[in-house]
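Engineer:
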Amino acid sequence: MLEGEIIKFYREKSGLTQAMLGEGICTPTHVSKIERGKTAYSPEIISLFSAVLNIDIQTEIEYFRDLDKRLQDWHKAIIMYRIARAEEIKNELESSPFIQSSKYAAHYLLLKARYHLLHQELEEASRIIKQVSNVFPSLPLFERNLFYHVQGMYYINQAIKPDCADQQKALQVLKNININEYGNEEYFYHLAIAYHYIDSKIMAYMFAEKSLQHFKNTNNYTMAIKAESIILLQISSDILTDMDKLAERYHHLIWDCERIGFHDYKGLLYNNLGFEYFNREQYAKAKECYKQALRLADRNTIIYLQRLYSYLNSCIEGKLSGKTALLKKACEGIQVSKELKSTLYLSLFKLSKYQLFHQREKYFKYLEEKAFPEFVKIKHMILMRRFGKKLYEYYIETGNHEKAIHLNSQLEGNELINV
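Residue numbers (the UniProt record's numbering): 1 to 419.
1. Just how far apart, CA to CA, sit I303 and N184?
2. Quick check: L117 and Y155, are their CB atoms within less than 8 Å of each other?
3. Taking Cβ positions, are A159 and Y197 nearer each other than 8 Å?
4. Give me the Cβ distance between I254 and K266, rounded to the nearest whole Å; I'm assuming they're in contact under 8 Å.
5. Could you work out which residue in H251, S126, R280 is closest to residue 420 when comparing CA atoms only?
6. On the CB-based measure, 16 or more other CB atoms within 10 Å of its CB, does S337 come out buried or exposed?
7. Alpha helix (DSSP H) containing T222: first to last residue?
8. Helix, strand or coil for L16, going by three-state DSSP, please let me know.
9. Taking Cβ positions, are G15 and I34 nearer each other than 8 Å?
10. Measure the C-alpha to C-alpha separation of I417 and A192 and round it to an integer number of angstroms.
11. For the alpha helix (DSSP H) holding E92, just list the boundary residues, first then last.
12. Compute the distance between the beta-carbons of Y104 and L71, then report whether it is under 8 Å.
13. Using 10 angstroms around the beta-carbon of T222, count the other beta-carbons present and answer buried if the total reaches 16, otherwise exposed.
14. Return the Cβ separation of G322 and A284 in integer angstroms, given the expectation that the two are a contact with Cβ distance under 8 Å.
15. Could you check what DSSP says for R280 in three-state terms: helix, strand or coil?
16. Skipping 5 residues on each side, what residues in its chain have a beta carbon closer than 7 Å to that of K112?
17. Identify whether K26 lies in helix, strand or coil by the three-state DSSP scheme.
18. When we look at the beta-carbon of C315 and count the other beta-carbons within 10 Å, is it buried (16 or more) or exposed?
19. Considering P43, what are the terminal residues of the alpha helix (DSSP H) in which it resides?
20. Any idea if N414 is buried or exposed, counting beta-carbon neighbours within 10 angstroms, 16 or more meaning buried?
21. CA-CA distance, I83 and A77?
22. DSSP three-state call for F215: helix, strand or coil?
23. Checking 8 Å against the spacing of the C-beta atoms, do F357 and I334 come in under that value?
24. With H, G and I counted as helix, E and B as strand and the rest as coil, what does DSSP make of N176?
25. So within the stretch 327-388, which uninterrupted alpha helix (DSSP H) runs reach at least 4 residues, ignoring any that extend past its ends?
26. Consult DSSP for R295 and reduce its assignment to one of helix, strand or coil.
27. If you measure between the beta carbons of L48 and Y10, is that distance less than 8 Å?
28. If you reduce the DSSP assignment to three classes, tell me which class N184 lands in.
29. Report yes if the CB atom of I177 is closer than 8 Å to the CB atom of Y148, and no otherwise.
30. Mind checking E258: buried by the 16 CB within 10 Å criterion, or exposed?
31. Which value, in whole angstroms, describes the spacing of the CA atoms of L296 and M381?
32. For L21, count the other beta carbons within 10 Å of its own beta carbon; 16 or more makes it buried, fewer makes it exposed. Which is it?
33. Around the C-beta of E92, are 16 or more other C-beta atoms found within 10 angstroms, so that it is buried, or is it exposed?
34. By Cβ distance below 7 Å, which residues in the same chain neighbour F207 in space, the five residues on each side in sequence not counted?
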């Protein structure tokens, strides 16, 4: 069967028809059946085909059989964040003469998409995902689950963008995975993130715990740090959680990042710790964490905007800086939002400007008419609840009870009151 697939590849590469290859050896119909693995054939026929095609069939068979292991090695290197090793195997596979013409083509392309996700090359990953969907409508069980996993990871990366049209796509896709068919428990981590994005804390915690255990068992220290950070985000939602102990766990993770050279993740951990301090109204400590996180972000990214807004918000709520300095930060945020075409952060920084100028009526008018509808449109539950509470209290204060009731229904009834 392997012989047939190899013969077909080199025949097509040589520009020969089945009749031309079989001339003096066998009929075109027999060549076709051999290539498709639909008939028995003698070693002598394969030897004759090999001579015509100028190949060593045994060498090609050994190389072909090694492809499956090479793909597994590549997948493991990507999962373990072994960037240099992943790059090395990628280059080896790209030099393979028939990987995209073999039964491993879909597997290879999906891992290639995953490689691009590793490097945040989302457009290329999206292109490959669409290619696999169109070219391989019926995938084997493992590849089908791998497809859902890679597609779910792509949607997670899209959901990070605050202007994402649907924060729930990742979860919808990842829930299609059958772990018994797939066997890759790493996907629990991405399932945890997907639940976190829709603010489903219990499910996010459960799957983050599962993934953490898996990463410990496989000595995947980089992913173990990421899984524990997701766990901390869930347990910290309880305002009664001991903040000193929580901060200590964050600082341990930051130290772990230093120890294993995972410097890119430090900024996120500082950001998350700042978020915890902010929720407990410890604005000075939140400001310092966001300041550290901001230093580790590239200005031309949405991540920079997120951290700049969090830094500004901490300063405003804690009255930690002068109005002039804060207005400068708000104006910077508006400018970067325009450069990055982020309508969401443009709205958030405009709200901050109204707040700094104490323009209360303009603030709530803009929140009601522009900002909050956008939060609802993109299903950003965290912002819906945070600003929904402010808007709800404003409606009650101003006697707009019908609007208050409607708003409460948008945020799942009583949940809004307990934000």
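Glycine included, each C-beta is placed from N, C-alpha and C at the ideal position.
Structural biologist: To lay it out plainly:
1. The sequence position of residue 303 within the sequence shown is 303, counting from 1. The sequence position of residue 184 within the sequence shown is 184, counting from 1. Taking C-alpha positions only, I303 is separated from N184 by approximately 29 Å.
2. Start at 1 with the first residue of the sequence shown, and residue 117 comes out as number 117. Start at 1 with the first residue of the sequence shown, and residue 155 comes out as number 155. Inclusion of L117 and Y155 in the CB contact set at 8 Å is not warranted, their separation being larger than that value.
3. Position 159 of the sequence shown, counted from the start, is the residue given in the question as residue 159. Position 197 of the sequence shown, counted from the start, is the residue given in the question as residue 197. Annotated as proximal: A159 and Y197, with beta-carbon spacing under 8 Å.
4. By 1-based counting over the sequence shown, the position of residue 254 is 254. By 1-based counting over the sequence shown, the position of residue 266 is 266. With a beta-carbon spacing of about 6 Å, I254 and K266 fall inside the 8 Å limit used to define contacts.
5. Coverage of the chain is limited to positions 1 through 419, which leaves residue 420 absent and any answer about it impossible.
6. Position 337 of the sequence shown, counting from 1, holds the residue named residue 337. Per the 10 Å Cβ criterion, buried.
7. By 1-based counting over the sequence shown, the position of residue 222 is 222. Taken as a continuous stretch (DSSP letters only), the alpha helix (DSSP H) holding T222 covers 221-235.
8. As a first step, residue 16 must be located in the sequence shown, where it is residue number 16. Assignment of L16 by DSSP, reduced to helix, strand and coil, places it in the coil class.
9. Counting from one through the sequence shown, the residue named residue 15 turns up at place 15. Counting from one through the sequence shown, the residue named residue 34 turns up at place 34. The answer is no: Cβ separation not under 8 Å.
10. For this step, residue 417 is matched to residue 417 along the sequence shown. For this step, residue 192 is matched to residue 192 along the sequence shown. Reliability fails at I417, whose pLDDT of 36 lies under 50, so the model's placement of it is uncertain and the value that follows must be treated cautiously. Going by the C-alpha atoms only, they are around 26 Å apart.
11. Within the sequence shown, residue 92 is the residue found at index 92, counting from 1. Its alpha helix (DSSP H) spans residues 83-94.
12. The residue labelled residue 104 in the question sits at position 104 within the sequence shown. The residue labelled residue 71 in the question sits at position 71 within the sequence shown. In contact: Y104 and L71 (Cβ atoms closer than 8 Å).
13. Against the sequence shown, residue 222 aligns to sequence position 222. The C-beta of T222 has 16 or more other C-beta atoms within 10 Å across all chains shown, which makes the residue buried.
14. As a position in the sequence shown, residue 322 is number 322, starting the count at 1. As a position in the sequence shown, residue 284 is number 284, starting the count at 1. Going by Cβ atoms, the distance from G322 to A284 rounds to 15 Å, so no, they are not a contact pair.
15. Here residue 280 refers to the residue found at position 280 when the sequence shown is read from its first residue. Three-state result, R280: coil.
16. Along the sequence shown, one-based indexing puts residue 112 at 112. Correct list, in chain order: I128.
17. Taking the sequence shown and counting its residues from 1, one reaches residue 26 at position 26. A small correction: the amino acid at residue 26 is Cys; Lys does not occupy that position in the sequence shown. Here C26 sits in coil by DSSP.
18. The residue given as residue 315 occupies position 315 in the sequence shown. Sixteen is the threshold: when 16 or more other Cβ atoms of the shown chains lie within 10 Å of the Cβ of C315, as they do, the residue is buried.
19. Residue mapping note: residue 43 aligns to position 43 of the sequence shown, counting from 1. Looking at the DSSP string, the run of the alpha helix (DSSP H) that includes P43 is 43-53.
20. For this step, residue 414 is matched to residue 414 along the sequence shown. Reliability of the predicted coordinates at N414 is poor, the pLDDT of 38 falling under 50, and no value is obtained from them.
21. For the purposes of this step, residue 83 is taken as the residue at position 83 of the sequence shown. For the purposes of this step, residue 77 is taken as the residue at position 77 of the sequence shown. Cα to Cα, the separation comes out at about 7 Å.
22. Within the sequence shown, numbered from 1, the residue matching residue 215 stands at position 215. In the structure shown, the three-state DSSP call for F215 is helix.
23. Here residue 357 is taken as the residue at index 357 of the sequence shown, counted from 1. Here residue 334 is taken as the residue at index 334 of the sequence shown, counted from 1. Between F357 and I334, the C-beta gap is not smaller than 8 Å, which leaves the two residues out of contact.
24. By 1-based counting over the sequence shown, the position of residue 176 is 176. Looking at N176 - three-state DSSP - the assignment turns out to be coil, as it is neither helix nor strand.
25. If only uninterrupted alpha helix (DSSP H) runs of at least 4 residues are considered, those enclosed by the stretch 327-388 are 343-356, 360-366, 372-377.
26. As a working note, residue 295 is residue 295 in the sequence shown. For R295, the three-state secondary structure derived from DSSP is helix.
27. One-based indexing of the sequence shown puts residue 48 at position 48. One-based indexing of the sequence shown puts residue 10 at position 10. No Cβ-Cβ contact shorter than 8 Å links L48 with Y10.
28. Sequence index remark: in the sequence shown, residue 184 carries index 184 (1-based). When DSSP states are grouped into helix, strand and coil, N184 belongs to the coil group.
29. Mapped onto the sequence shown, residue 177 falls at position 177. Mapped onto the sequence shown, residue 148 falls at position 148. Yes, the Cβ-Cβ distance between I177 and Y148 is below 8 Å.
30. Within the sequence shown, residue 258 is the residue found at index 258, counting from 1. When all chains shown are included, E258 counts as exposed.
31. Taking the first residue of the sequence shown as 1, we reach residue 296 at position 296. Taking the first residue of the sequence shown as 1, we reach residue 381 at position 381. Going by the C-alpha atoms only, they are around 26 Å apart.
32. Here residue 21 is taken as the residue at index 21 of the sequence shown, counted from 1. So L21 counts as buried.
33. Taking the first residue of the sequence shown as position 1, residue 92 is located at position 92. If you draw a 10 Å sphere on the C-beta of E92, you find fewer than 16 other C-beta atoms in it, and that means exposed.
34. Here residue 207 refers to the residue found at position 207 of the sequence shown. Same-chain partners within the cutoff: F188, L191, A192, Y195.
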